[in-house]
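Novice: I have a structure here, written as structure tokens, and I will follow up with some questions on it.
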Amino acid sequence: GQNIDQPTEMTATEGAIVQINCTYQTSGFNGLFWYQQHAGEAPTFLSYNVLDGLEEKGRFSSFLSRSKGYSYLLLKELQMKDSASYLCAFLKAPGNTGKLIFGQGTTLQVKP
Amino acid sequence: EPEVTQTPSHQVTQMGQEVILRCVPISNHLYFYWYRQILGQKVEFLVSFYNNEISEKSEIFDDQFSVERPDGSNFTLKIRSTKLEDSAMYFCASLQGSGNTIYFGEGSWLTVV
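Keeping their order, the protein sequence lines are chains Z and L.
Using my numbering, you'd call the opening residue of the first sequence number 1 and step up by one each time.
Using my numbering, you'd call the opening residue of the second sequence number 1 and step up by one each time.
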């Protein structure tokens, strides 16, 4: 079967660092995506990991461990505008079918 | 930055009516997708389309749904006879083919009454 889990809600303080974890189970894996979604808007691409390790992009970093079925998104120097839902999704193989399996999303609230 | 565009942004329709949602994918992209998100729920895959045919579809994508690429730019999702439970945000997405970044449109919010 396939499954993907992430915490439902998190709260953090402006300027701080927050780590959002994601675990997944699947028989065919072609990469792990993180998207940001503000209420009523489309998911916006943040990161993509297909190999183990850390990918850094500005204030955002994403980590993948394929053997553990585990990823995290790290947000540094939090800003109020980072308050949003963060969606973890894995891409089912073959990748070009575009079948992303999404988690429920983690609603992050950034407080002053 | 190139983007996926969708119309309409919001549509209200009566149960049983046909609805067509339109999308213009990014111009050099080869793979096209529809996803939906019921309010408060997770984003769900509906269908993928490549080389003028469906490459994969989910169990949600039953006979009431169809997709078409009528010309070189548009990609449409048709729901033949809408049901209340079809009320959702429908996202179009596209993929270039090299690389795996899937870009989403702004969504079409469908309300069936």
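Just so you know, even glycine gets a beta-carbon here, dropped at the ideal spot from N, CA and C.
1. Between the segment 82–94 of chain Z and the segment 3–21 of chain Z, can you find at least three pairs of beta-carbon atoms closer than 8 Å?
2. For L91/Z, go through chain L and note every residue whose CB falls closer than 7 Å to its CB, in chain order.
3. In whole angstroms, what separates the C-alpha of S55/L from that of I26/L?
4. Any Cβ of chain L within less than 8 Å of the Cβ of Y24/Z?
5. For the segment 43–64 of chain Z, enumerate the residues whose C-beta is nearer than 8 Å to any C-beta of chain L, in chain order.
6. Using a Cβ-Cβ distance under 8 Å, would Y90/L count as near chain Z?
7. By a C-beta neighbour count over all protein chains shown, 10 Å radius and 16 as the cutoff for buried, is P43/Z buried or exposed?
8. Compute the Euclidean distance between the alpha carbons of K111/Z and A84/Z, then round it to the nearest angstrom.
9. Between L77/L and chain Z, is the shortest Cβ-Cβ distance under 8 Å, so that the two count as touching?
10. Taking 8 Å as the CB-CB limit, is L73/Z close to chain L?
11. At a CB distance below 7 Å, what residues from the segment 16–32 of chain L approach chain Z? Give them in sequence order.
12. Which word fits I38/L, buried or exposed, when buried means at least 16 other C-beta atoms lie within 10 angstroms of its C-beta?
13. Would you call the segment 9–17 of chain L and the segment 57–66 of chain L in contact, with 3 or more CB pairs under 8 Å?
14. For V113/L and T76/L, I'd like the C-alpha separation in whole angstroms.
15. With a cut-off of 8 Å on the beta carbons, I'd call M15/L and L84/L a contact; round off their distance for me.
16. I'd like to check one pair, Y33/L with G98/Z: are the Cβ atoms closer than 8 Å?
Specialist: Checking against the coordinates, here is how it stands:
1. yes
2. As a working note, residue 91/Z is residue 91 in the first sequence. By Cβ distance, chain L contributes N100.
3. Taking the first residue of the second sequence as 1, we reach residue 55/L at position 55. Taking the first residue of the second sequence as 1, we reach residue 26/L at position 26. Those two C-alpha atoms are separated by around 19 Å.
4. Within the first sequence, numbered from 1, the residue matching residue 24/Z stands at position 24. Chain L, which has no Cβ nearer than 8 Å to the Cβ of Y24/Z, makes this no.
5. P43, T44, F45, Y48, V50
6. As a working mapping, residue 90/L is identified with position 90 in the second sequence. Judged by the 8 Å Cβ criterion, Y90/L is not in contact with chain Z.
7. Counting from one through the first sequence, the residue named residue 43/Z turns up at place 43. Burial call: buried.
8. For the purposes of this step, residue 111/Z is identified with residue 111 of the first sequence, where counting begins at 1. For the purposes of this step, residue 84/Z is identified with residue 84 of the first sequence, where counting begins at 1. Distance between the alpha carbons of K111/Z and A84/Z is about 12 Å.
9. Locating residue 77/L in the second sequence gives position 77, where the first residue counts as 1. False, the Cβ-Cβ gap to chain Z never drops below 8 Å.
10. For the purposes of this step, residue 73/Z is taken as residue 73 along the first sequence, with counting starting at 1. Answer no: the Cβ-Cβ gap between L73/Z and chain L never drops below 8 Å.
11. Y31
12. Within the second sequence, numbered from 1, the residue matching residue 38/L stands at position 38. By the 10 Å Cβ count, I38/L comes out exposed.
13. no
14. Sequence index remark: in the second sequence, residue 113/L carries index 113 (1-based). Sequence index remark: in the second sequence, residue 76/L carries index 76 (1-based). C-alpha separation (whole angstroms): 22 Å.
15. One-based indexing of the second sequence puts residue 15/L at position 15. One-based indexing of the second sequence puts residue 84/L at position 84. Contact flag correct, Cβ pair sits at about 6 Å.
16. Position 98 of the first sequence, counted from the first residue, corresponds to residue 98/Z. Position 33 of the second sequence, counted from the first residue, corresponds to residue 33/L. Yes.
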